[in-house]
Every structure is written in C-alpha cells, then in structure tokens.
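Structure first, commentary second.
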Amino acid sequence: MKNNLKYRLSALLFLASALTITSCSDWTDVESLQLNTPTFEEQNPQLYADYLKDLNRYKSEEHKVTFVSFENPKGSPGKQAERLTVVPDSVDFICLNNPEVSPEVQAEMVKIREKGTRTVYSIDYSSIENAWKEKVKAEPELTEEDALQYIGERTNEMLALCDKYNFDGVIADYTGRSLVSLPEEALKEYNDRQQKFFGEVMNWQGNHDDKTLVFYGNVQYLVPENMDMLSKFDYIMLKTASSTNADDLALKAYLAIQAGIDAVGGTEGGVNPVPVDRFIVCVELPQADDKDKVKGYWSTVDEKGNKLVAAPGAARWMVEASPNYTRKGIFIMNVHNDYYNNTYGYVREVIRIMNPNK
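Under this note's numbering, the first residue of the sequence shown carries the number 88, and numbering increases by one thereafter.
And the structure:
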C-alpha cells in the first residue's frame with residue numbers, strides 16, 4: 088500500500104505542477120477565480136479514485152495520528168490559505184477554531200471527508216467559566232445552583248453544533264487547577280462544576296457513539312471520581328504546548344498515569360482508570376513575528392546552537408518506544424500560517440517522521 092499511495096501521490100503532484108504553471112496567480116486575482124481550471128479528479132478520475140482508496144486504507148490502519156487546529160473564516164474562504172481542502176491529505180483530524188461554519192466551509196468538510204480527514208471542534212470549559220464570572224459581576228444575586236444550570240446549558244449549546252454542522256466529533260478542553268490545599272467548600276464547588284460539564288459531555292456521547300470524542304487537558308486536575316469517564320474518550324490529549332523539551336512530554340504522560348494510580352489509592356485490585364493506549368501530545372508552530380523564538384520552539388538546541396522547532400522534535404519523540412504507555416499521535420495547533428511555509432512544510436515533516444513507511 089505504501090508504494091501505491093506514494094506513486095499515486097507523485098502522479099497527482101505532477102498534474103498539480105502542470106496546473107500551477109497557468110493558475111498559480113489565480114488566488115490573488117478576483118476575476119481569475121471564475122476560470123474553469125480542471126481539477127485532479129476531472130483530469131484523471133480513475134487515478135484520483137485509486138489514490139483516495141489507498142489514502143483511506145492508510146488512515147484505517149495502525150499509524151501515528153495527526154490532529155491540527157485551523158483558523159477557519161467565519162464566512163466564505165477568501166484565499167487559498169483559508170481552505171480546508173489544501174491541508175495535507177494525510178492529516179487525520181482538523182479542529183476548526185470557529186465551529187459555527189458557513190455553507191462553503193461545510194461543503195469543504197464534506198469534500199475532505201472523502202480523503203478520510205475528519206473535522207472536529209473544541210468546547211473550552213474555561214471560556215464557559217469565564218463567561219459565568221462576568222455574568223455574576225452583573226447579577227451578584229446568582230447562586231451556585233444557577234452556575235450549574237448555566238454550565239449545563241452552555242455545554243449543551245456547544246455540543247449541539249456537532250449535529251447542526253455535521254462535525255465528526257468534539258474535543259472537550261478542560262485545563263482545571265491543582266486540587267492540593269483547596270478548602271473543602273472550594274473543592275466541592277470545583278467538583279460539582281467539573282461533574283456538570285463532563286456529565287453533559289458523557290450524556291451526549293451516549294447518543295453519539297459514531298462521533299470521535301477527545302479529552303484535552305490535565306488528567307491530574309480531575310477529581311478521582313470523575314476519572315472513570317476517560318475510558319469513553321477515543322484520545323487523551325496532554326497539555327504540552329508549553330513544553331520545552333522531549334523529557335517534559337514524557338513527564339506529562341507519567342503525571343496522567345500517576346493521577347490514575349493515586350485515584351484508586353490502596354484499593355485492592357484497583358485498576359488505573361486512565362487509559363494509557365491513546366496519548367496525544369500538543370505543539371505550537373513558530374510565529375513569523377516571534378523574534379525571540381519562544382512559541383513553537385524548545386529550549387534545546389542543535390549542533391549549531393539553534394533552538395529546535397517543537398513540532399518535528401515531538402514527532403521524533405513520538406516514534407520512540409515507551410514501556411508503559413502508547414504514544415498515539417500529535418496535535419499541531421493553528422496550522423493555517425504553515426500554509427506559507429512551503430505549503431504546510433512543518434505539518435508534512437511531522438507526518439513523514441511519524442509514519443515513514445506509510
């Protein structure tokens with residue numbers, strides 16, 4: 088399958104180069120958008136169909152998974168860099184930063200699904216919590232019961248977008264906070280709100296078992312009684328965007344595992360509730376205006392003293408063995424700017440490193 092996919096991809100790229108000679112400037116010339124430039128599919132439908140078949144087979148087989156987040160436009164795509172269809176075909180999941188999508192973006196979601204690429208979106212608990220705090224400032228008489236009702240309503244409103252726009256799944260983003268030294272009353276509030284948020288997510292999951300569900304957060308900040316739900320998530324994304332070296336990626340994985348061990352404590356025959364076969368690490372990409380090379384870089388340097396870019400560094404870490412957990416894949420945040428880096432240069436490099444034989 089490897090040779091078939093690479094051969095067909097090479098053939099498609101050859102066709103692309105031929106088309107580019109006459110249409111590379113089409114995306115900056117408004118009138119030229121009306122030109123009827125033939126697509127790969129139109130030029131050689133059988134070759135394209137075979138390529139899609141091999142691509143979908145690759146994604147259905149065991150491989151390191153690639154998630155990316157993407158700043159999709161709130162309206163129609165106005166330039167090539169805003170189109171989902173130009174994200175590398177080998178990407179498994181695209182997380183849209185703006186989940187209320189336009190009809191044009193919905194059409195592109197359908198198109199990339201033919202390639203086995205699925206679209207998801209994130210529900211950020213912190214944004215719900217922050218909105219509640221602002222509401223309390225305006226209405227100080229609100230109670231904790233009101234807070235739980237608000238959290239439930241907002242969570243369900245966000246979950247409803249999955250069916251409304253036919254997404255393939257949801258990422259539940261929960262940063263949380265350390266439970267150490269939390270006063271009893273504060274701990275109860277923290278626990279109740281956490282259970283309310285994830286209770287709604289789990290209720291939704293029970294009626295959407297065909298959708299992908301991802302936990303993105305710090306496992307160690309879940310209260311012990313909430314950890315059993317983790318087995319219902321397809322992937323566990325570790326919050327490693329601020330990690331500065333490969334060792335910290337491993338540390339975050341071990342913190343998640345240890346949190347599960349602590350949750351069962353001395354229970355005889357207790358089973359760790361944290362699944363260890365689905366860990367995803369998260370990285371950012373370098374920013375063009377970041378002269379100090381902070382975002383998207385590690386603190387480690389190469390033989391020339393240059394800081395290592397986090398994405399390929401994490402990809403190399405991903406293919407190393409670990410004795411007691413599975414390194415399942417990578418989540419690359421905000422890849423839209425990588426379009427201008429040799430058309431998703433970092434994303435393609437990550438995929439090549441993680442899946443060299445595919």
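For each residue, glycine too, the CB sits at the ideal point set by N, CA and C.
Take K417 as the anchor and find which of Y427, G392, L325, N428 has the nearest alpha-carbon.
First, the residue type needs correcting, since residue 417 is Ile and not Lys in the sequence shown. Out of Y427, G392, L325, N428, L325 has the C-alpha closest to the C-alpha of I417.
Report the residue from D211, S268, E390 whose alpha carbon sits nearest the alpha carbon of V288.
Nearest option by C-alpha distance: D211.
How is G416 classed by DSSP in three states: helix, strand or coil?
Correct three-state label for G416: strand.
Going along the chain, which unbroken runs of the beta strand (DSSP E) with 3 or more residues stay wholly within the stretch 208 to 266?
With a minimum length of 3 residues, the continuous beta strand (DSSP E) runs that stay inside the stretch 208 to 266 are 256 to 261.
May I ask which residues mark the beginning and end of the beta strand (DSSP E) holding S156?
From DSSP, the beta strand (DSSP E) with S156 extends over 152 to 157.
Could you pull out every residue in the same chain whose Cβ sits closer than 6 angstroms to the Cβ of N159, ignoring the five residues on either side in sequence?
Same-chain partners within the cutoff: L183, N185, V192.
For N243, I'd like the list of residues in its chain whose CB is within less than 6 angstroms of its CB, leaving aside the five on either flank, ordered along the chain.
Counting only Cβ-Cβ distances below 6 angstroms, and skipping sequence neighbours, we find E287.
Below 8 angstroms CB to CB, which residues in the same chain sit around D321 once its five sequence neighbours on both sides are set aside?
Contacts found: G256, T299, L300, V301, R365.
Does the Cβ-Cβ distance between I367 and R403 come in under 9 angstroms?
Cβ distance not < 9 angstroms, so I367 and R403 don't count as in contact.
Expressed to the nearest angstrom, what Euclidean distance is found between the alpha-carbon atoms of E118 and K391?
Its pLDDT being 39, under 50, E118 is placed unreliably by the model, and nothing is read from it.
Taking the C-alpha atoms as reference points, what is the distance between Y433 and P410?
Answer to the nearest angstrom: the Cα atoms are 28 angstroms apart.
Quick one: what does DSSP say E169 is sitting in, helix, strand or coil?
Of the three classes helix, strand and coil, the one that applies to E169 here is helix, per DSSP.
By alpha-carbon positions, which one of R170, V188, E149, K146 ends up nearest to K161?
If we check each option's Cα against that of K161, V188 comes out closest.
Is it true that the stretch 249 to 268 meets the stretch 191 to 209, where meeting means three or more beta-carbon pairs spaced less than 8 angstroms apart?
Counting Cβ pairs under 8 angstroms, three or more are found: they touch.
Beta strand (DSSP E) containing L183: first to last residue?
Run containing L183: 180 to 183, per the beta strand (DSSP E) assignment.
Which of the three DSSP states is assigned to L342 in this structure?
Three-state DSSP puts L342 in a helix.
Might you give, ordered along the chain, the residues of its own chain that have their beta carbon closer than 6 angstroms to the beta carbon of C111, omitting 5 neighbours on each side?
In this prediction, C111 scores a pLDDT of 40, lower than 50, which makes its location untrustworthy; the coordinate-derived value is nonetheless stated afterwards. Correct list: empty, nothing qualifies.
Closest to I344 by C-alpha separation, out of V267, Y426, S329, P360, would be which residue?
Residue P360 is the option with its Cα nearest to I344.
Taking the alpha carbon of V174 as the reference point, which residue from E436, V437, T430, N442 has its own alpha carbon closest?
Minimum Cα distance to V174 is reached at T430.
For D349, which option in L309, L235, R241 has the closest C-alpha, if you only look at C-alpha atoms?
Nearest of L309, L235, R241 to D349, Cα basis: L309.
For the candidate residues A259, N332, A234, whose alpha-carbon lies nearest to that of P399?
Of the listed residues, the one whose Cα sits closest to P399 is N332.
Can you tell me whether E312 is helix, strand or coil according to DSSP?
Reduced to three states, the DSSP call for E312 is helix.
In angstroms with no decimal places, state the Cα-to-Cα distance between N217 and A234.
Straight-line Cα distance between these residues: approximately 11 angstroms.
Helix, strand or coil for Y427 per DSSP?
Helix, per DSSP.
So, with DSSP's three-state summary, where would you put L300?
L300: strand per DSSP, three-state reduction.
First and last residue of the beta strand (DSSP E) that includes V306?
Looking at the DSSP string, V306 is not in any beta strand (DSSP E), and its letter there is neither H nor E.
State the DSSP-derived secondary structure class of L372, mapped to helix, strand or coil.
In the structure shown, L372 sits in coil (DSSP, three-state: anything other than H, G, I, E or B).
Which same chain residues, not among the five before or five after R170, have their C-beta less than 7 angstroms away from its C-beta?
The answer, listed in chain order, is P164, E195.
Would you report the Cα separation of D425 and V351, rounded to the nearest angstrom?
So the two alpha carbons sit approximately 43 angstroms from each other.
Can you name the start and end residues of the alpha helix (DSSP H) that L269 belongs to?
No alpha helix (DSSP H) holds L269; DSSP gives it neither H nor E.
From the DSSP output, read off the bridge partner residues of L325.
According to DSSP, L325 bridges with G304, V368.
Considering only the alpha carbon of each residue, which of L266, N313, S214 lies closest to D448?
Given a span of 88 to 445 for the chain in the structure shown, any question on residue 448 remains unanswerable.
If you draw a straight line from the C-alpha of A273 to the C-alpha of M316, how long is it?
A273 and M316: Cα-Cα distance of roughly 23 angstroms.
Could you check which residue in D137, D141, Y208, P125 has the C-alpha nearest to that of F157?
The candidate whose alpha carbon is nearest that of F157 is Y208.
Quick one: grab the DSSP three-state call for V363.
V363: coil per DSSP, three-state reduction.
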